[in-house]
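Asks: Pasting in a structure now, in structure tokens, and then I'll have a few things to ask.
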Ligand SMILES: Nc1ncnc2c1ncn2[C@@H]1O[C@H](COP(=O)(O)OP(=O)(O)OP(=O)(O)O)[C@@H](O)[C@H]1O
Ligand SMILES: [Mg+2]
């Protein structure tokens, strides 16, 4: 009989475990755990609950199946832990031994196909009225539709159709560490509109792309990602609170509940799935939570939706892996992280993508991950490797945050490898001038940045008038265009149209100033002009 | 159940004891160690491997001899008696009385590690705790259910400030209590804290847990957890708003580092264990408000930044967990030396405003910070070009910074200011600037409170960027 031999926090070693496979789920003393190493009949298990009281000799129950997530219509609008167990129906204090699973519930099913028709894998056989305005689609394996139930209310686990001899239910399970398959990846770049000017104009992210947000504590990672969760033009948002604060989750939930989705008119909460594994919840569930969140995102992608997966913070995930590796006695590589750190980060971001689904629809998973570098040191391994695998990097700067310049994105220290292609998309799709405005803003900021360095050495008054006006232009761009407070009701979200208009307003003001300087007006006089209207334009809409 | 006593101690190393031949001992169990002379020590199980149990001895292993001690395991994690009986007591770091009174008996017991609070049950922190310290109440208001840290370079009066807050804080008439846990304090510091808190202890509103620099180091692993277990019950069981002060968390982290080193664990930054973040979070996250329950737990960890370095792992990881920080700086020459620009209460918006403090509070704080940031830039500039070369706007802002330090920040260590007085002073400071410089404040607030001393100067001088206006020459 398989039994525990050693317990060291979340690490449990087990002996005489025959026939088990890597990543199989086991139960020890009623608590869930996952096999993460196998040597003959000896296994190392990472436990997903507090292991107090677990002792050598306890019996181990193998489930014979990997850790998998129940995917169903109950997800939208819900709050779940790292194993996707519902939190909104759990008690106020989480006792590891009394955790309700996902209750099946009953949902209204409407068939979309007729019996007797052959369908491709991934074809919706029916739709379900879930929490919000986003219809939940029940996807089928390929084959001939044998039977499909008429419209009506069914338990989530009841068979609503048989396709190719397989029973189809509204809820399915999928092993979280395996990507859901798709037909092909699409290369054509299409922007995800975040509603944050500095990102959309200068550092855009594509649908199906990956962006990372590194920044020391308090630089604004969470606020920025929460703003994107609220305002971006995705159909579904999966928000993974990974090893961060409980009060922030409370804020996300309270915030989303009160906001109407500008695109569908429904509640924003209903297009959102929250996976909450706060830092006081069991550590290894933090490790699993990014994968469960990703699986949920892919599940909605397969229905043909644009999904955004937010992980705050991926550093806590990496640290949970490091902690476990240390307990398991793995040889440490960079700063104590296990040697597979880089490949684990790469594999995670690789699951982002814009694809043609098996059923022939277009869907995407865009991944946005916060990175919390120790000591704000951007050369530490998690940040350094993440930078290699994302196409967009939004680096937050402590000095900007101290000066309360939010979002504290350092344009110089950030990049978007899709900037050119995505600007061209805006130009083509009805916003001519977007690429030119973005390029002009970027060029002016870069020039002003260089001049600021010189000005610090020699004093601004020693610069030629034109250069002083460029410095002024840099300030106008930062204050009037890039700065955007999450707390301002009028400015928390900015549509692309308004972003372009604002950029035009500020650039026009700068051009006026440059023209004056060219005609010989002293820089001092230009600097003392009244720019209130330019600076307030963003607040007045 | 018969308690088995194990006497086969295979190894003693640093704070650790390895007990051999155990059966049925679970991870994280509480253990009692019997000494030959009749005394006892206490321990926690860090690991069990077949018949070996690794125990961390809270009072240390000094004087223990294998073969002459007996270890019994309780079959359960360490539990703390909870109840109102704690209020008014002074105890050591493990909760044993130091005040000559009887042991604290609770109405129940609770595990010291606590259970994780379900995030779906949390209510966002709201409503202020008034500390009576002007600069904090005005600019970094404590919000009920929040955790906010005090960071100080060595040699600064962070303990004085923590004790002052613990002595003065209140929740505007709602039931309130304080749990103050001291870890690794020197005798002199501890007696200062005791004196400052004496009246409140006598009034039965405060619990003081004292682990001193000379006390067993490993005991500190439990001190904050005992404090929080007591506080959670006072808050969520008995409906009080409880402020928990943990001073100094650097002392706590040193205990953790000592255990980790004794276990030869792979160290992370500065030899602190890799799990320091998770461990600190398991303490700091134990604050909040809970749906359907009246009380709240607000957490104020206090720590020294070794070498004044905010990127040191202890302040760094603390900053990654807390919802803001109050930074004390040696550059500020008044008490309390709070650096307003480095300090931030992230949840302040939920705690201030009409019906809570004052309607203009959030705007006032933002305006003061913006003006002080401007003053800081002006001061840097002055170092380059000399103060004489500054424009009038910059000079006005330097005056504001002076008024701020003098009229708002500077305060006696035993002086508790009402919110009323704090706002009167804050407006006096802002009145150094003309109305045109105060664009973040609404007209109604300005009409009611802005009282410039001198008549407004004539045409406004240029403001660098912004609202200044002058005809081109
Ligand atoms: N876009 C913004 N608009 C207004 N205020 C902001 C913005 N971004 C950040 N802030 C301010 O900065 C504070 C800290 O931001 P945030 O919580 O996002 O930091 P963080 O980078 O996630 O820090 P940590 O790593 O500690 O979690 C916020 O509470 C808020 O006061
Ligand atoms: Mg954050």
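Chains as they are written, first to last, in UniProt numbering: chain A, 1 to 541; chain B, 1 to 473. Idealized CB from N, CA, C, for every residue including glycine.
1) Starting from the C-beta of residue 130 of chain A, find all residues in its chain whose C-beta is less than 6 angstroms away, skip the five residues before and the five after it, and write them out in chain order.
2) Which residues in the same chain as residue 491 of chain A place their Cβ atom closer than 7 angstroms to its Cβ, once the five residues preceding and following it in sequence are excluded?
3) Give the straight-line distance between the Cα atoms of residue 19 of chain B and residue 34 of chain B, rounded to the nearest whole angstrom.
4) Just to make sure I have the definition right: I need the residues of chain A whose C-beta is within less than 9 angstroms of the C-beta of residue 368 of chain B. Which are they?
5) With burial defined as no fewer than 16 other Cβ atoms inside 10 Å of the residue's Cβ, what is the status of residue 319 of chain B: buried or exposed?
6) Within the 8 angstroms Cβ cut-off, does residue 217 of chain A reach chain B?
7) Grab the span of the alpha helix (DSSP H) containing residue 425 of chain B for me, first residue to last.
8) Under 8 angstroms between the Cβ atoms of residue 274 of chain A and residue 252 of chain A?
9) What do you reckon, is the C-beta of residue 356 of chain A under 7 angstroms from a heavy atom of ligand 2?
10) Are the CB atoms of residue 69 of chain A and residue 292 of chain A nearer to each other than 8 angstroms?
11) Exposed or buried, which one is residue 100 of chain B when buried takes at least 16 other CB atoms within 10 Å?
12) Which of the three DSSP states is assigned to residue 473 of chain B in this structure?
13) If the cut-off is 9 angstroms on Cβ atoms, which residues from the segment 306-336 of chain B count as contacting chain A, listed in chain order?
14) Starting from residue 348 of chain B, trace the alpha helix (DSSP H) both ways and give me its first and last residue.
15) If you measure between the beta carbons of residue 323 of chain A and residue 283 of chain A, is that distance less than 8 angstroms?
16) If you run the structure through DSSP and keep just helix, strand and coil, what is residue 63 of chain A?
17) Verify whether the separation of the beta carbon atoms of residue 150 of chain A and residue 111 of chain A is less than 8 angstroms.
18) For the beta strand (DSSP E) that contains residue 34 of chain A, what are its first and last residues?
19) Please name the residue or residues paired with residue 80 of chain A in a DSSP beta bridge.
20) Please tell me whether residue 278 of chain A and residue 218 of chain A are closer than 8 angstroms, where the distance is taken between their beta carbons.
21) Roughly how many angstroms lie between the CA atoms of residue 473 of chain B and residue 372 of chain B, to the nearest whole one?
22) Suppose the cutoff is 8 angstroms on Cβ atoms and the five residues either side in sequence are ignored; what does the same chain contact list for residue 529 of chain A look like?
23) State the Cα-Cα distance for the pair residue 161 of chain A and residue 84 of chain A, rounded to the nearest angstrom.
24) Could you check the C-alpha separation between residue 543 of chain A and residue 269 of chain B for me, to the nearest Å?
25) Can you tell which of B:86, B:139, B:152 has its C-alpha closest to the C-alpha of residue 360 of chain B?
26) List the endpoints of the continuous alpha helix (DSSP H) containing residue 91 of chain B.
27) Below 8 angstroms on the Cβ atoms is my contact criterion, and I expect residue 80 of chain B with residue 112 of chain B to pass it. Report the Cβ-Cβ distance as a whole number of Å.
28) Tell me the rounded alpha-carbon separation between residue 272 of chain A and residue 84 of chain B.
29) Whose CA, out of A:487, A:479, A:62, A:495, lies closest to the CA of residue 534 of chain A?
30) Assuming residue 211 of chain B is part of the beta strand (DSSP E), what are its boundary residues?
31) Assign residue 158 of chain B to buried or exposed, taking buried as 16 or more other Cβ atoms, counted over all protein chains shown, within 10 Å of its Cβ.
32) If you pair each beta-carbon of the segment 198-207 of chain A with each one of the segment 165-182 of chain A, do three or more pairs fall below 8 angstroms?
33) Could you check the C-alpha separation between residue 544 of chain A and residue 376 of chain A for me, to the nearest Å?
34) How about residue 151 of chain B: is its Cβ closer than 7 angstroms to a heavy atom in ligand 4?
35) Just to make sure I have the definition right: I need the residues of chain A whose C-beta is within less than 8 angstroms of the C-beta of residue 295 of chain B. Which are they?
36) Please list, in chain order, all residues of the same chain as residue 88 of chain B whose beta carbon is under 8 angstroms from its beta carbon, the five residues on each side excluded.
Replies: Straight from the coordinates:
1) The residue labelled residue 130 of chain A in the question sits at position 130 within the first chain. Excluding its 5 nearest sequence neighbours in each direction, residue 130 of chain A has C-beta neighbours in its own chain below 6 angstroms: 73, 76, 136, listed in chain order.
2) The sequence position of residue 491 of chain A within the first chain is 491, counting from 1. The beta carbon of residue 491 of chain A is closer than 7 angstroms to those of 484, 485, 538, 539 in its chain, skipping five residues each way along the sequence.
3) What you label residue 19 of chain B is simply residue 19 of the second chain in a count that begins at 1. What you label residue 34 of chain B is simply residue 34 of the second chain in a count that begins at 1. Each residue's Cα considered, the two are about 13 angstroms apart.
4) Position 368 of the second chain holds residue 368 of chain B. The contacting residues do not exist; residue 368 of chain B stays about 12 angstroms from chain A at best.
5) Here the question's residue 319 of chain B lines up with position 319 in the second chain. Taking all protein chains shown into account, residue 319 of chain B has 16 or more neighbouring C-beta atoms within 10 Å of its C-beta and is therefore buried.
6) Counting from one through the first chain, the residue named residue 217 of chain A turns up at place 217. It does: the Cβ of residue 217 of chain A has a partner Cβ on chain B nearer than 8 angstroms.
7) Position 425 of the second chain, counting from 1, holds the residue named residue 425 of chain B. Segment 419-430, the alpha helix (DSSP H) holding residue 425 of chain B.
8) For this step, residue 274 of chain A is matched to residue 274 along the first chain. For this step, residue 252 of chain A is matched to residue 252 along the first chain. With a cutoff of 8 angstroms on beta-carbon distance, residue 274 of chain A and residue 252 of chain A are scored as near each other.
9) Stepping through the first chain from its first residue, residue 356 of chain A is reached at position 356. False, no ligand heavy atom lies under 7 angstroms from that Cβ.
10) Numbered from its first residue, the first chain carries residue 69 of chain A at position 69. Numbered from its first residue, the first chain carries residue 292 of chain A at position 292. Closer than 8 angstroms, so yes.
11) Position 100 of the second chain holds residue 100 of chain B. Exposed.
12) As a position in the second chain, residue 473 of chain B is number 473, starting the count at 1. Model confidence at residue 473 of chain B stands at a pLDDT of 32, short of 50, so the residue's coordinates are unreliable and nothing is read from them.
13) If the cut-off is 9 angstroms between Cβ atoms, the segment 306-336 of chain B has 309, 310, 311, 312, 313, 316, 317, 318, 319, 320, 321, 322, 323, 324, 325 near chain A.
14) Reading the second chain from its first residue, position 348 is the one you call residue 348 of chain B. Premise fails: residue 348 of chain B is in no alpha helix (DSSP H) and is neither H nor E.
15) On the first chain, position 323 is the one that residue 323 of chain A refers to. On the first chain, position 283 is the one that residue 283 of chain A refers to. Judged by beta-carbon spacing, residue 283 of chain A lies within the 8 angstroms limit of residue 323 of chain A, meaning their Cβ atoms are closer than that value.
16) Against the first chain, residue 63 of chain A aligns to sequence position 63. Three-state result, residue 63 of chain A: strand.
17) Residue numbering aside, residue 150 of chain A sits at position 150 when the first chain is read from its first letter. Residue numbering aside, residue 111 of chain A sits at position 111 when the first chain is read from its first letter. Contact flag set, yes.
18) The residue given as residue 34 of chain A occupies position 34 in the first chain. Bounds of the beta strand (DSSP E) holding residue 34 of chain A are 31-39.
19) In the first chain, counting from the first residue as 1, residue 80 of chain A sits at position 80. Residue 80 of chain A pairs with A:86, A:275.
20) Translated into the one-based positions of the first chain, residue 278 of chain A becomes position 278. Translated into the one-based positions of the first chain, residue 218 of chain A becomes position 218. No, Cβ-Cβ distance for residue 278 of chain A and residue 218 of chain A is not below 8 angstroms.
21) Start at 1 with the first residue of the second chain, and residue 473 of chain B comes out as number 473. Start at 1 with the first residue of the second chain, and residue 372 of chain B comes out as number 372. Model confidence at residue 473 of chain B stands at a pLDDT of 32, short of 50, so the residue's coordinates are unreliable; what they give is reported in the following sentence. C-alpha separation (whole angstroms): 31 angstroms.
22) Position 529 of the first chain, counting from 1, holds the residue named residue 529 of chain A. Taken in chain order, the residues that qualify are 513.
23) Translated into the one-based positions of the first chain, residue 161 of chain A becomes position 161. Translated into the one-based positions of the first chain, residue 84 of chain A becomes position 84. One C-alpha to the other measures close to 25 angstroms.
24) It is not possible to answer for residue 543 of chain A, since the shown part of chain A is limited to 1 through 541.
25) To locate residue 360 of chain B, count along the second chain from 1; it is residue 360. When each option's Cα is compared against that of residue 360 of chain B, the closest is B:139.
26) Within the second chain, residue 91 of chain B is the residue found at index 91, counting from 1. Where residue 91 of chain B is concerned, there is no enclosing alpha helix (DSSP H), although the beta strand (DSSP E) it sits in stretches over 90-92.
27) Residue numbering aside, residue 80 of chain B sits at position 80 when the second chain is read from its first letter. Residue numbering aside, residue 112 of chain B sits at position 112 when the second chain is read from its first letter. About 5 angstroms separates the two Cβ atoms, so the contact holds.
28) Working through the first chain from its first residue, we reach residue 272 of chain A at position 272. Working through the second chain from its first residue, we reach residue 84 of chain B at position 84. Going by the C-alpha atoms only, they are around 42 angstroms apart.
29) The count along the first chain starts at 1 and reaches residue 534 of chain A at position 534. From the listed residues A:487, A:479, A:62, A:495, the smallest Cα separation to residue 534 of chain A is found for A:479.
30) Reading the second chain from its first residue, position 211 is the one you call residue 211 of chain B. If you look at residue 211 of chain B, you'll find it in the beta strand (DSSP E) that goes 206-212.
31) For the purposes of this step, residue 158 of chain B is taken as the residue at position 158 of the second chain. Residue 158 of chain B counts as buried, since no fewer than 16 other beta carbons sit within 10 angstroms of its beta carbon.
32) Fewer than three Cβ pairs drawn from the segment 198-207 of chain A and the segment 165-182 of chain A lie within less than 8 angstroms of each other, which leaves the two stretches out of contact.
33) With chain A covering only 1 through 541, there is no way to say anything about residue 544 of chain A.
34) Here the bound small molecules are ligand 1 and ligand 2; ligand 4 is not part of this structure.
35) Stepping through the second chain from its first residue, residue 295 of chain B is reached at position 295. By Cβ distance, chain A contributes nothing, its closest Cβ being about 13 angstroms from residue 295 of chain B, past 8 angstroms.
36) Position 88 of the second chain, counting from 1, holds the residue named residue 88 of chain B. Here the set comprises 201, 202, 203, 204, 205, 206, 207.
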